[in-house]
Amino acid sequence: MSFSEEVYRQVSLCSRCGYCRNACQTSEVRLSESWNPRGRIILVADYIDKLLGDVSEDYSDRIYSCLLCGRCESYCPSHVQVVETMEKAREILVKEGFASEKVKSISENIIGTGNPEGLPRKRIYRGVNHAARGKTLLFRGCTASLHTVDDLRAAEMLLRSAEYPFFEFPDEICCGYPLEVLGYEADASRIYSRNHQKMMEAGVKKVVTACPYCYRVLHERYPRHIDGFEVEALHIIDLFNELMDEGKLTPIMSVDLKVSYQDPCALGRGSLYQELARHFIERVPGVRLMENEDSKSKCCGAGSYLPHLFPKIYQEIRTKRVEEFISVGAQAVITSCPTCLYTLREASKNKLIAVDGLSSLLAISVGLDSSVSTS
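Numbering-wise (our numbering), the sequence shown opens with residue 1 and increments by one.
Put into structure tokens, the structure is as follows:
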């Protein structure tokens, strides 16, 4: 098995300048060259140049410890595509049998049970608007269905209040994104095809999701893997802004709160979503944004299944992130990502700061729900 020409090109682009080291949150914890982007690129180069024999567990750990957040790419003067290179390196590790047992267990869970944690369906939230067919599917996503059901229910209530037609699959399975980013591209492709077939049978034309990872895979990777994929994918931020513009959702109740916003890595650095989310928040009366220079750039710590693969690094990154929000005077953190929401909630326990999703914040201001934690 060999790396593609593009991976060769990306590795050769790296000038070893080291600017990326200051951007890497895992490197900030481990303080070691092999745990930062430059070190990981050098490890891939060594593998290509056959300077390494059999891959050790330490080598595999370095490649899988990357958050895939892309923060380093914004620092790189050579424009090395670090995230894509790490994904391709993982694919090779899987195909040559060097993936760790923890990595294998995540893939086995998704393939066997339809969710990364391997939980039975009876423990997973199944949604409220079940139907055999419909044009707009609300895709809940694994993390929201398992860990942030309150924010998911707020989204459902908002769509119902706006009389927006949607339906849900009660037996929804994973979008497949974790499989591809962990190196199981063939298995991911089968999940993509399975979900696409189900959508076609149900007459789906549009998929709305509150999960940035689900959105990204539906928007970018499904069309790449499936010929003729024509289902429109929307993140729920787009839909909520549209419904507010149309007067179908009107934030009228003041929420007197100083908030910081956690940008999901999967919605892209420097993308329109960074401003869309802040525009969304600013439409809620009484809310004041409290931010610093790192507000739009840092990962919550849970990218690329770090909680399962490297829990100690994950815990340190998420704790630092919460402390940064507290330092700017925020009373609450708002995010549009279920993974960020769950991560920062866990890290903020016993701290004087709340964490909630955009759907919950909007539900309060629209007057639908006052039970979420920002109230």
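Ideal Cβ placement from N, Cα and C applies to all residues, glycine included.
Have a look at the options and flag the residue whose alpha-carbon is nearest the alpha-carbon of residue i.
i    : options                   : result
E5   : W35, L68 and E84          : E84
S56  : R71, I48 and S100         : S100
T250 : I334, A89 and I281        : I281
I252 : S365, R62 and V208        : S365
V7   : E87, S78 and V29          : E87
V29  : K312, Y192, F240 and Y273 : K312
L358 : E230, I111 and R153       : R153
S193 : I226, Y47, Y314 and R221  : I226
I191 : L272, G112, R269 and S105 : G112
S189 : M157, N115, Y222 and M199 : Y222
S161 : E201, W35, I48 and K248   : K248
Q25  : Y164, C299 and T335       : C299
N129 : K122, R121, A155 and D46  : A155
L243 : S254, Y164 and G228       : Y164
Strictly by DSSP, which residues pair up with residue i?
i    : result
L289 : V259
T209 : F139 and H235
E242 : Paired residue(s): none; E242 is not in a bridge.
T357 : In the sequence as displayed, the identity of residue 357 is Gly instead of Thr. The partner list for G357 (beta bridge, DSSP) reads T335.
H130 : E168
Assuming residue i contacts residue j under a Cβ cut-off of 8 Å, what Cβ separation, rounded to an integer in Å, is found between them?
i    : j    : result
S65  : F310 : 6 Å
G127 : P170 : 6 Å
Y75  : C142 : Incorrect: roughly 31 Å between the Cβ atoms, too far for contact.
C14  : V80  : 5 Å
E324 : D294 : 7 Å
L43  : V103 : Not a contact, Cβ separation roughly 17 Å.
V284 : L341 : At roughly 17 Å, the Cβ-Cβ gap does not stay under 8 Å, so V284 and L341 are not in contact.
E117 : F139 : Not confirmed; about 18 Å, so no contact.
F167 : L119 : About 23 Å separates the two Cβ atoms, so there is no contact after all.
L239 : V287 : Not confirmed; about 20 Å, so no contact.
Given this structure, state the Cα-to-Cα distance separating residue i from residue j, to the nearest angstrom.
i    : j    : result
S297 : K320 : 14 Å
V149 : S12  : 45 Å
Q197 : V259 : 41 Å
R71  : Q10  : 16 Å
I237 : A132 : 26 Å
C17  : E180 : 30 Å
S373 : N22  : Low confidence applies here, because S373 scores a pLDDT of 45, under 50, leaving its location unreliable; read the following figure in that light. Using only the alpha carbons, I get a separation of about 34 Å.
H235 : A210 : 6 Å
A330 : E275 : 19 Å
L368 : P307 : 33 Å
K50  : L67  : 26 Å
N195 : L289 : 38 Å
S375 : N241 : In this prediction, S375 has a pLDDT of 34, which is less than 50 and means its spatial position is unreliable; nothing more can be read from the coordinates.
S268 : D151 : The amino acid at residue 268 is misidentified as Ser; the sequence shows Gly. Near 22 Å, if we compare the C-alpha coordinates of D151 and G268.
S27  : E316 : 12 Å
S370 : A363 : With a pLDDT of 45 at S370, under the threshold of 50, the predicted position of this residue should be treated as unreliable, and no value is reported.
S304 : W35  : 15 Å
A277 : S271 : 11 Å
A202 : L31  : 51 Å
D404 : R224 : Past the edges of the chain, shown from 1 to 375, lies residue 404, and the structure says nothing about it.
R121 : P77  : 47 Å
T335 : C69  : 16 Å
P264 : H147 : 17 Å
S105 : C337 : 24 Å
M157 : D187 : 34 Å
For residue i, I'd like the list of residues in its chain whose CB is within less than 7 Å of its CB, leaving aside the five on either flank, ordered along the chain.
i    : result
F98  : V55 and S60
A233 : V207, Y215, L218 and H219
E185 : E91
N109 : N115, P116, E117 and G118
Going along the chain, which residues of its own chain have a beta-carbon closer than 6 Å to the beta-carbon of residue i, five neighbours each way excluded?
i    : result
A347 : R318, T319 and V322
Y213 : Y177 and A266
K205 : K135
T339 : T143 and A302
G39  : E33
Y125 : S145 and V149
V82  : P37, C72 and E73
L159 : F166
N115 : C142 and C174
D256 : G286
G47  : It should be noted that the sequence gives Tyr, not Gly, for residue 47. Same-chain partners within the cutoff: there are none.
N292 : V328
Once you ignore the five residues that flank residue i on each side, which residues in its own chain have a CB closer than 8 Å to its CB?
i    : result
V333 : V259, S260, Y261, Q262, V322, F325, L344, S348, I353, A354, V355 and D356
I63  : R40, L43, V44, M86, A89, R90 and L93
V231 : H196, M199, V204, K205, K206, V207, L218 and Y222
H279 : N241
K351 : V322 and I326
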